[in-house]
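Numbering-wise, the sequence shown is residues 8 to 83 according to the numbering used here. C-beta: ideal position from N, C-alpha, C; glycine also. Comments concern the structure below.
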Amino acid sequence: MKKEEFLIQLEDILQREEPCQEKDILEDYVEWDSLSKMSIMAYYKKNFSVEITLNDLDSVENVSDLIKLAGDKIND
8 MKKEEFLIQL EDILQREEPC QEKDILEDYV EWDSLSKMSI MAYYKKNFSV EITLNDLDSV
68 ENVSDLIKLA GDKIND
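Dropping the structure here:
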């Protein structure tokens with residue numbers, strides 16, 4: 008998956024009105040809450056076959072870190 012496509016899907020998952028950028032700090036998003044984290048976990052399992060935990064997400068600071076969690080499943 009291309010980064011641009013992932014960013015658009017992340018915007019949809021988080022139900023954001025504004026676009027997501029790689030450098031964005033997730034804690035700055037009003038939408039970044041426990042429900043959105045659960046949605047991200049399900050999305051990664053379904054789309055990337057990657058199981059992430061809440062502990063994994065607790066260590067994520069920005070959108071770029073989310074991209075790194077997908078490993079080589081997201082590329083330029």
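Item                                                                                                                                             : Value
Only counting the same chain, and skipping five residues up and downstream in sequence, which positions put a Cβ closer than 8 Å to that of Y51? : V57, E58, I59, L76 and A77
What's the call for L61, buried or exposed, on a 16-neighbour Cβ count within 10 Å?                                                              : exposed
Check this for me: beta carbons of N82 and I32, under 8 Å apart or not?                                                                          : no
Tell me the DSSP bridge mates of N82?                                                                                                            : K9
Taking the alpha-carbon of I20 as reference, which of V67, L64, A49 and M8 has the nearest alpha-carbon?                                         : A49
Is it buried or exposed for V67, if we count other Cβ within 10 angstroms and need 16 for buried?                                                : buried
Excluding five sequence neighbours on each side, which residues of the same chain lie with their C-beta closer than 6 Å to the C-beta of F55?    : A77 and K80
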